[in-house]
Amino acid sequence: MENTNTQNNCKCMHHKAMPMLIVLLGLTFLLKELGTLSVGAANIVWPIIVIAMGCKKLMAGSCKCC
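Counted the way this note's numbering counts, the sequence shown spans residues 804 to 869.
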């Protein structure tokens, strides 16, 4: 019988990068709406997070551990 495990068992930190970037993106917009983060800072931060997400996605095939 073949064992087909569809879950990623690798515990490397780079597998958690995309979820963490999505949380940071959400926090950026939440803090902007709550007035904690200035509009100017939010307008600089969110594009940087989106660029980081894109770079992570581009490098997705370079994982040697899984």
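C-beta atoms are modelled at their ideal positions from N, C-alpha and C, and glycine is treated no differently.
Predicted model, so just to flag it, every value in this text is computed and none were measured.
| Do the stretch 860-867 and the stretch 823-839 make contact, defined as three or more Cβ pairs closer than 8 Å? | no
| field | Among 828, 856, 855, nearest to residue 844 - alpha-carbon criterion | value | 828
| query | Between the Cα of residue 855 and the Cα atoms of 820, 868, 866, 846, which residue gives the shortest distance? | reply | 820
| field | Through-space distance from residue 822 to residue 813, alpha-carbon basis | value | 15 Å
| field | Segments assigned alpha helix (DSSP H), at least 4 residues, entirely inside the stretch 814-867 | value | 820-837, 842-861
| Taking the C-alpha atoms as reference points, what is the distance between residue 824 and residue 857? | 10 Å
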